[in-house]
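To keep things clear, I will list the structure first and then write my remarks on it.
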Amino acid sequence: MVMIEGGPFRHDADPNTATAPRGVGHLRGDVAFPTAARAALTDSQLRRNIGKATGTIRAKRADVVAEVADWEQLREAGRACKAATMARLPELLVQLEERVVAAGGTVHWARDAVEANAIVVDLVRATGSDEVVKVKSMATQEIGLNEALAEAGIAALETDLAELIVQLGDDTPSHILVPAIHRNRAEIREIFLREMPGVDPELTDEPRRLAMAARTHLRRRFLSARVGVSGANFAVAETGTLSVVESEGNGRMCLTLPDTLITVMGIEKIVPTWRDLEVFLQLLPRSSTGERMNPYTSMWTGVHPGDGPQDVHLVLLDNGRTATLADEVGRQALACIRCSACLNVCPVYERTGGHAYGSVYPGPIGAILSPQLTGIADNASLPFASSLCGACYDVCPVKINIPEVLVHLRARHVEERRASRTVPNAEELSMAAVGWVMAEPRRYAAAQRAARAGRMLAGGRGRIRSLPPPLSAWTASRDLPAPPTETFRDWWARTHADDDRSDHTSRASSSDSGRHTS
Amino acid sequence: MSARDDVLARVRRALATDEPSIGDVPRTYRQRGDRPPGDPALIDLFVERLTDYRAHARRTTTDDVAGHVARAISEGLDQPGRDRHAPPRIVVPSGLPTNWLSATDADVIPDAGLTVDELDACDGVVTAASVAIAETGTIVLDGESDQGRRAISLVPDLHVCVVRTDQIVETVPEGVARLDPGRPLTWISGPSATSDIELDRVEGVHGPRTLHVVLLDG
């Protein structure tokens, strides 16, 4: 990240340690979004799968949200609670640590993915186990924990059904809630038949049968597991209580049966008080799976003697969160409770799927979260992966103004690039030219007439399919409508010939800016 | 500098310039329902929400609770394709009222620190509950002696849960207010389920595949 002297955007004084490090974890794609999206758009099966799944969940969510009369009040409470959490984060983190330790747990702190992975590897090694069972967790996906454990000779077994599908298929997640959303039932059946030892060869693609196959596959591993690894949906600073919200019971298995439990949690997952859960446990299930309540929510506070793991750890992770917190506009992304409602309503996500975003956080929330965690330079195309339609903001249960942050990050990106370069690029040159032209009505009129010459570039259907550099950057991803034969200003002059000529210039200018009232 | 001090210093630095204000959380949402715990309309709502998620519900009085628990066990285990012991093996927490089990022909096994494999050899579990929330069809267990440690209501495939009707509140905030965060808490809303295949819900994965709730009046 680049320091901008006197610029409108503030950045951490030590960028190399504040953002998520390169070379570890899954926050950066191999290719930029437009390239990845172009490939995804040619996969019609992928689009059908995602379209069907997001359509289903949108309808379910709408139904269960509609039956809550005080939904907007809950959203506002959720937003305010998270904003207050961010404002008080230092004291709340210390309070959470105190309460967890007082309840018999151990708290670890990790500046980044590398440190968090090392902490978990050491903790697992200390148990002597070479296998861990895992509850689906975005934080451990983000830091690439499974790969770090594998390097240390420790097998990490994903137990969430969708994570299992992804792991068995040697695939990558494409959705926050349902990482295998890009797979339909027939594809899941094929993966199970191919990769599950001892699976019933008569397995059908009926979802219930597929779920049963997963149950059989994982049962022994749960019952013999000695180490569980989880994330956390919420951590209550006031009480030291951690919670995991889930559906299948794989979470309960991992949180309850092993001797050792290691929870990796981003520092933003805190809520101040016990009572705050009454808000989020209403917002999350309805926004996420479209259920009034998810089947299982587990809550534990340190060690409970005689019940569950007796060796309990909490790893508090920064990995770019403090860099995000430093941005006064962008920090609202830290309020995210990972419901994925914004993915399910996003017209861009619905067409490209999650992989194109290159990060474990895809969709609208990913487009504002990933670039802030990594530094914008490493995910520069993501803030542009949106049509700014605002559907994500409407469904967000904690009212994150995603379009606002997208626009903010686009501006930050331009500022940062300008600050890091002495030679302006094509976009800046064109913007500067447009600025010069539009500052003076006579120049603008002349430019419009010049643009009519552009009709010669257009084919028979009035579309310009390619322009010479540097304007080719625009036409690479979209056609440009040919300029009309007559500009608005010329039309106005021709049809309003009786109007007072002395007033013409200013009135036409007003019309051009959308205030035409006659 | 330790990672702890470093992270805390970064957080403070990130907030230093604008010092965001700590606003009050507006709690204008519903904090209590319209009906008191145990109200007949609440019980109806609770039953409707339970069955919507394919849990089974039955109502009874103190006189016949044992009979209903026995029927819940036999119906719960009467599933096609299910392996079961004869007589069925039912684990119970140490503090469960013994008269609830007087009518079942199952082999009742009190949990005195059973191993995971011993729990896996049980067909079902009977527990009480701590709180129930009508609007969401949720029961919450808190590890009290009539509910037991978390593993016993997890490993067996059938969960029979006896809920006193005066434990049923209308809303989530009322439920949260009645719980003690110092205890290990398990919120249960229907049998285990997944939405991971095409985002459609199917019941029955790793947790108990069958949930029977016995509502005890008075």
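Chains as they are written, first to last, in my numbering: chain G, 1 to 518; chain D, 1001 to 1218. Cβ coordinates follow ideal geometry from the N, Cα and C atoms, glycine included.
Item: Cβ-heavy atom distance, Ala411/G to the ligand PLP, below 8 Å; Value: Only the bare structure without any ligand can be found here, which leaves the ligand PLP out of the picture.
Item: Nearest candidate by alpha-carbon position, reference Ala39/G, set Trp492/G, Tyr357/G and Glu440/G; Value: Tyr357/G
Item: Stretch-stretch touch, CB-based, cutoff 8 Å, three pairs: the region 335 to 351 of chain G with the region 272 to 287 of chain G; Value: yes
Item: Secondary structure of Val1214/D, DSSP reduced to three states; Value: strand
Item: C-beta contact flag for Leu1139/D and Pro1093/D at 9 Å; Value: The question names Leu, but residue 1139/D in the sequence shown is Ile. No; because the gap between Cβ atoms is not below 9 Å, this pair is not in contact.
Item: Cα-Cα separation between Arg185/G and Val1163/D, rounded to whole angstroms; Value: 38 Å
Item: Listed by chain order, chain G residues near Val1160/D by CB distance under 9 Å; Value: Here the premise fails: no neighbours, minimum Cβ distance about 17 Å.
Item: Secondary structure of Gly78/G, DSSP reduced to three states; Value: helix
Item: Separation of Leu210/G from Thr19/G, as counted between CA atoms; Value: 40 Å
Item: Top-ranked residue by Cα proximity to Ser137/G, from Ala450/G, Arg220/G, Ile262/G and Ala433/G; Value: Ile262/G
Item: Pair within 9 Å by beta-carbon distance, Pro270/G and Leu46/G; Value: Reading off the sequence shown, one finds Ile at residue 270/G, where the question assumed Pro. No, these two residues do not count as a Cβ contact at 9 Å.
Item: Nearest-angstrom Cβ-Cβ length linking Ala77/G and Arg1027/D, presumed shorter than 8 Å; Value: 6 Å
Item: Cβ-based neighbour list, Asp1142/D, same chain, cut-off 6 Å, excluding 5 preceding and 5 following; Value: Ser1130, Arg1183 and Leu1185
Item: Nonlocal neighbours in the same chain, by C-beta distance under 6 Å from Glu404/G, ignoring five residues either side; Value: none
Item: Inter-stretch contact (C-beta, 8 Å, three-pair minimum) for the region 389 to 406 of chain G and the region 434 to 450 of chain G; Value: no
Item: For Ile1139/D, the three-state DSSP class (helix, strand or coil); Value: strand
Item: Contact residues within the region 238 to 249 of chain G, judged by C-beta distance below 7 Å to chain D; Value: Thr239, Thr241, Ser247, Glu248 and Gly249
Item: Simplified DSSP assignment, three categories, for Gly55/G; Value: helix
Item: Cβ-Cβ separation, Gly1124/D to Leu1158/D (assumed contact under 8 Å), whole Å; Value: 3 Å
Item: Residues of the region 295 to 317 of chain G with Cβ closer than 8 Å to any Cβ of chain D, in chain order; Value: Pro295, Tyr296, Thr297, Ser298, Met299, Trp300, Thr301, His304, Gly306, Asp307, Gly308 and Leu316
Item: For Ile267/G, the three-state DSSP class (helix, strand or coil); Value: helix
Item: Member of Thr1210/D, Ala1055/D, Leu1216/D and Thr1194/D whose CA lies at the smallest distance from the CA of Ala180/G; Value: Thr1194/D
Item: Proximity test, Cβ basis, 9 Å: Arg1089/D and chain G; Value: no
Item: Among Asp1039/D, Arg1201/D, Val1065/D and Arg1032/D, the one whose alpha carbon lies nearest that of Asp70/G; Value: Arg1032/D
Item: Burial state of Met293/G, where buried means 16 or more other Cβ atoms lie within 10 Å; Value: buried
Item: Selection of the region 1138 to 1168 of chain D by Cβ proximity to chain G, strictly under 8 Å; Value: Thr1138, Gly1143, Arg1149, Arg1150, Ala1151, Leu1154 and Val1155
Item: Within-9 Å CB hit, Arg1030/D to chain G; Value: yes
Item: Cβ pair count under 8 Å reaching 3, the region 302 to 322 of chain G against the region 407 to 420 of chain G; Value: no
Item: Given 8 Å, three or more beta-carbon pairs between the region 1011 to 1025 of chain D and the region 80 to 88 of chain G; Value: yes
Item: Helix, strand or coil at Ala1106/D [DSSP, three-state]; Value: coil
Item: Buried or exposed by the 16-neighbour rule on C-beta atoms within 10 Å, applied to Arg443/G; Value: exposed
Item: Contacts of Phe222/G in chain D (Cβ-Cβ under 9 Å); Value: Val1116, Val1155 and His1206
Item: Residues within the region 1180 to 1195 of chain D neighbouring chain G, beta-carbon criterion of under 9 Å; Value: Pro1181, Gly1182, Arg1183, Pro1184, Leu1185, Thr1186, Trp1187, Ile1188, Ser1189, Gly1190, Pro1191, Ser1192, Ala1193, Thr1194 and Ser1195
Item: Member of Asp259/G, Ala367/G, Tyr296/G and Thr35/G whose CA lies at the smallest distance from the CA of Gly128/G; Value: Asp259/G
Item: Within chain D, partners of Leu257/G - CB distance below 7 Å; Value: Val1116 and Ala1151
Item: CA-to-CA distance, Gly353/G to Gly519/G, given in whole angstroms; Value: Nothing about residue 519/G can be read from this structure; chain G reaches only from 1 to 518.
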